[in-house]
Structures are given as structure tokens and as C-alpha cells.
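Chemist:
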Amino acid sequence: METLELPAVSEEQRLEELSKAMWDLVNAYSFDTQEGKSKHLAIRSTVLMSIYHTTGVMPR
Numbered sequence: 005m006e007t008l009e010l011p012a013v014s015e016e017q018r019l020e021e022l023s024k025a026m027w028d029l030v031n032a033y034s035f036d037t038q039e040g041k042s043k044h045l046a047i048r049s050t051v052l053m054s055i056y057h058t059t060g061v062m063p064r
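One rule links them: number in this note's numbering = place in the sequence shown (from 1) + 4.
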């Protein structure tokens, strides 16, 4: 069986990619409806706090 070697990635780069993926999720909700706005804000708050508690840094 062949072994796949993954490229070395710094912790900072990994956190940056995680942050981007979470923002993509947040931005997937539509602002076209009141329900969409409420979901967007709720998820955004959760994502911000998750990133803060995981990394100790508040995302930009």
C-alpha cells in the first residue's frame, strides 16, 4: 500500500484556512429574508466565539 505524505502546514495557516471555511459557511445564508438575516447573525456569533475560544484570537 502506498503512503500519502501531506505537505507540512503551519498552525497559523491551518487556523487561517479554518477561519475562511467558517466565514464561507456564515456567508452562505441569504439576507433576502428576515429569517435568513437572523440565521446569519446567529451563526456568525457562534463562529466568532468558536474561533476565539479555539485560537485565543478574535478574527478580523
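In this text, a Cβ means the ideal position worked out from N, Cα and C, and glycines have one as well. For clarity, every value in this text was computed on a predicted model and none was experimentally measured.
Quick check on the burial criterion: 16 or more other C-beta atoms within 10 angstroms. Buried or exposed for residue 23?
Modeler: Taking the sequence shown and counting its residues from 1, one reaches residue 23 at position 19. Around the beta carbon of residue 23, 16 or more other beta carbons sit within 10 angstroms, so the residue counts as buried.
Chemist: Would residue 26 and residue 61 qualify as a contact pair, given that the criterion is a beta-carbon distance under 8 Å?
Modeler: In the sequence shown, the residue the question calls residue 26 occupies position 22. In the sequence shown, the residue the question calls residue 61 occupies position 57. For residue 26 and residue 61, no; Cβs fall outside 8 Å.
Chemist: Could you check where the alpha helix (DSSP H) with residue 16 kicks off and where it finishes?
Modeler: Counted from its first residue, the sequence shown places residue 16 at position 12. Run containing residue 16: 15 to 31, per the alpha helix (DSSP H) assignment.
Chemist: If we call anything under 8 Å between Cβ atoms a contact, is residue 47 one with residue 29?
Modeler: On the sequence shown, position 43 is the one that residue 47 refers to. On the sequence shown, position 25 is the one that residue 29 refers to. Taking 8 Å as the Cβ cut-off, residue 47 and residue 29 qualify as a contacting pair.
Chemist: In this structure, does DSSP put residue 39 in helix, strand or coil?
Modeler: Numbered from its first residue, the sequence shown carries residue 39 at position 35. If DSSP states are grouped into helix, strand and coil, residue 39 belongs with the helices.
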